[in-house]
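Undergrad:
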C-alpha cells in the first residue's frame with residue numbers, strides 16, 4: 009500500500025469513527041485513537057460486506073456502503089466503550 013492509501017485509510021477512518029460515535033447516544037469513554045482504529049476497521053469490513061452484497065460499486069456516492077460502515081463503527085464504539093467501563 010502506498011503512502012497515499014495509508015493517509016486515505018486514516019482520513020476515512022476518522023470520518024467513519026466520528027460518525028459512528030455520533031450515532032451512539034450518550035458519552036463514550038474512549039479516546040480519539042480508539043475512534044480512528046474502530047473507524048478504519050469498520051471501513052474495511054463494511055467495504056467487504058458491501059462488495060459481498062454487490063452494493064459497493066454504484067454511480068455517484070455509495071450511500072449503502074457508507075451506512076454499513078457507520079453502523080459497524082457505531083457497534084464497535086459501543087462495544088469498546090462498554091469494555092472500557094468495566095475496567
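Residue numbers (this note's numbering): 9 to 95. All C-beta atoms in this analysis are idealised placements derived from N, C-alpha and C, irrespective of residue type, glycine included.
#1: Check the C-beta distance from residue 36 over to residue 91 and give it rounded, since I have them as a contact under 8 angstroms.
#2: Which of the three DSSP states is assigned to residue 25 in this structure?
#3: Taking the C-alpha atoms as reference points, what is the distance between residue 89 and residue 54?
#4: Suppose you measure from the CA of residue 78 to the CA of residue 60; what does that come to, to the nearest Å?
#5: Please confirm if the region 57 to 75 is in contact with the region 36 to 46, defined as three or more CB-CB distances below 8 angstroms between the two stretches.
#6: If you reduce the DSSP assignment to three classes, tell me which class residue 90 lands in.
#7: Taking the beta carbon of residue 41 as the centre, do at least 16 other beta carbons fall within 10 Å, making it buried, or is it exposed?
#8: Going by beta-carbon coordinates alone, are residue 81 and residue 25 separated by less than 8 angstroms?
TA: According to the data block:
#1: Rounded, the Cβ-Cβ distance is 11 angstroms, inconsistent with contact.
#2: helix
#3: 20 angstroms
#4: In a straight line, the C-alpha of residue 78 is about 17 angstroms away from that of residue 60.
#5: Contact between the region 57 to 75 and the region 36 to 46 is absent, because fewer than three Cβ pairs lie under 8 angstroms.
#6: helix
#7: So residue 41 counts as exposed.
#8: yes
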